[in-house]
Structure formats: C-alpha cells, structure tokens
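In my numbering, the protein residues as written are 1 to 263. Comments concern the structure below.
Right, here's the structure in full:
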C-alpha cells in the first residue's frame, strides 16, 4: 500500500471523526436549548401562578388580605379599634343552624360596635360539619368567604351564605351549590368585573384550603369544639341565640353588654 493511500485514508478518518464530533456538539446544543426552553416555560408558569396567588406567603399558603397576625382568622368590619378595645373572636361553620341564627341576630350589633371602634371582631370559619353531613359544603362556603375578602366583601359574603343555608340538615346533601357560591352570591354582594374573575379563580383553585386547615388546628388547640362560639379577649362568652326553658335567650342588648364588658 502506497504512502499516498495511507495518507488519504488517515485524512478521511480524520474528516469522519470531525463530522461525528460536530454532530455530537450540535446534539448537545439542541438538548441545552430544549432544557432552557423547558426551564423558561416553568419560570413563566410559576410567575403566572405567583401573580394570581398574590395572597400567598413564601411558604406557599394563601391568606385573605384581612387575615390576623396569627394567621388564624379574618378581621371583620371597617374601623380602627380604640385603645383598650376588646377583641371578639367568633367561631362559625356555614352549615351550623345555630350559627345562622346567631349571625342574623347579633351581626348588626357587632358591626355597629366595630365600626365605632369599641371592639375588634375576628371571624374563624370552621368546616367540621362536612364530616357530620358527609359533604363539602362548609369547606366550599369557607373558601367563598375567604376569596371574597380580596374584594372587601368578607362580612357581606358571610351574611349572604348564611341566608341561603338549607332549612334542614340532610346527610349527604349538596348544601351550597358551586353555582350559588361562584356566581349568584358574588353578584348579590357586588363583586363584578376583574374582581369577580379573581374571586372565581380563587374559588376554583381552592386557594384558601390550607389556610382553613391551619385555622382549624389553631382553633382546636384553643379548646374550640363547637360553633357558634364567642370569645372576648380569650374568655368564652355565654351567648344563647336560641333560648330554652332552662337557658334563657341572649337579647341583643345583653349581647352588646357581654362583648363590651364581659358581663
């Protein structure tokens, strides 16, 4: 074999190796570009979710705008509490019949006193009735109320939800329908336009769910085992919205005295 043939063969082998190396390089570049595209897409998705879930903390839990500092309730009503004004904690479940009676009977007094700065009102919405009635109505209603807080309608939505509570407790019933909580009641309390879109996204994605789980745990740790429960500066108040032969009904004036003075 001539030296010229060997030289040509070596040159051909070198060319083939160079082509293979170039192909591998192009493949690696293609993979890198693809990975960059995937990473960019993930970043865009995360940024989009972050914009939607503006109420979330760094830990990922979504909270209503008017959540308490302890992250276990929502502050109701406008008004700056005066120095020394007591904090009234109200524990409710949207499927609790007595809670509905209490809401309708005493909410006017709470609003009046809170607006005047005489008290601070915090609502803690529980969902244990879901287990009792084997449905998800309490959780969905709680989500609706919390989602409405971004539109400044938490108290109004609370009243609207209670007004549509089923007349009887029926195990396995729907309770509150999604269309009622997602469309009818928001319109009733005046949530429209972009605020409605944000509300419905919040409701559809169940953004407050973890907040309500944390709230329930905090309430249990404080000894709350039933609803409605009223606390004044951490002390349970003897409030009876529905009286009986042995336990007299608490009138609105008596209720005002209880929340203001504890007596």
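In this text, a Cβ means the ideal position worked out from N, Cα and C, and glycines have one as well.
Could you give the distance in angstroms between the alpha-carbon of residue i and the alpha-carbon of residue j?
i, j, result
"residue 209", "residue 243", "34 Å"
"residue 65", "residue 149", "6 Å"
"residue 229", "residue 250", "13 Å"
"residue 188", "residue 165", "15 Å"
"residue 158", "residue 81", "21 Å"
"residue 248", "residue 241", "9 Å"
"residue 259", "residue 91", "14 Å"
"residue 72", "residue 89", "10 Å"
"residue 181", "residue 191", "12 Å"
"residue 60", "residue 214", "13 Å"
"residue 53", "residue 196", "For residue 53, the pLDDT reaches just 43, beneath the cut-off of 50, and the residue's location in the model is therefore unreliable, although a value from the coordinates is still provided. Spanning the two alpha carbons is a distance of roughly 15 Å."
"residue 235", "residue 257", "14 Å"
"residue 162", "residue 185", "11 Å"
"residue 83", "residue 104", "28 Å"
"residue 168", "residue 177", "15 Å"
"residue 67", "residue 100", "22 Å"
"residue 170", "residue 225", "21 Å"
"residue 62", "residue 183", "22 Å"
"residue 69", "residue 223", "20 Å"
"residue 112", "residue 246", "30 Å"
Leaving out five residues on either side along the sequence, give the residues of the same chain with a beta carbon under 7 Å from the beta carbon of residue i.
i, result
"residue 114", "76, 77, 79, 120, 121"
"residue 87", "120, 122, 233"
"residue 48", "Its pLDDT being 35, under 50, residue 48 is placed unreliably in this model, and the coordinates cannot settle the point."
What whole-angstrom Cβ distance do residue i and residue j have, given they're in contact under 8 Å?
i, j, result
"residue 109", "residue 255", "6 Å"
"residue 126", "residue 227", "6 Å"
"residue 147", "residue 207", "7 Å"
"residue 135", "residue 172", "7 Å"
Using a Cβ-Cβ cutoff of less than 8 Å, which residues in the same chain neighbour residue i once the five nearest sequence positions on both sides are dropped?
i, result
"residue 253", "none"
"residue 116", "79"
"residue 13", "With a pLDDT of only 47 at residue 13, under the threshold of 50, the placement of this residue in the model should not be trusted; the figure read from the coordinates follows. Counting only Cβ-Cβ distances below 8 Å, and skipping sequence neighbours, we find nothing."
"residue 30", "Low per-residue confidence applies at residue 30: pLDDT is 47, beneath 50, and the placement is therefore not dependable enough to give any value."
"residue 96", "129, 227, 228"
"residue 154", "64, 66, 74, 76, 123, 145, 146, 148"
"residue 98", "227, 228, 241, 242"
Just tell me which of the options has its CA closest to the CA of residue i.
i, options, result
"residue 194", "226, 170, 151, 234", "151"
"residue 286", "139, 231, 101", "This structure cannot settle anything about residue 286, because the visible part of the chain is limited to 1 through 263."
"residue 137", "87, 175, 156, 118", "175"
"residue 85", "70, 93, 118", "118"
"residue 102", "239, 179, 156", "239"
Can you find the residues in the same chain that come closer than 6 Å, C-beta to C-beta, to residue i, ignoring five residues on each side of it along the sequence?
i, result
"residue 262", "232"
"residue 94", "138, 141, 161"
"residue 156", "189"
"residue 179", "none"
Under 8 Å, Cβ to Cβ, is there at least one residue of chain B near residue i?
i, result
"residue 206", "The displayed structure is made up of one protein chain only, and chain B is not part of it."
At a cut-off of 7 Å, is residue i close to the ligand NAD when judged by its beta-carbon and the heavy atoms of the ligand?
i, result
"residue 139", "Ligands in the displayed structure: none, and consequently the ligand NAD is not present."
>> If contact is defined by three or more beta carbon pairs under 8 Å, each pair taking one atom from either stretch, is the segment 184–200 in contact with the segment 218–228?
In response: no
> If you pair each beta-carbon of the segment 100–108 with each one of the segment 128–143, do three or more pairs fall below 8 Å?
Replying inline: no
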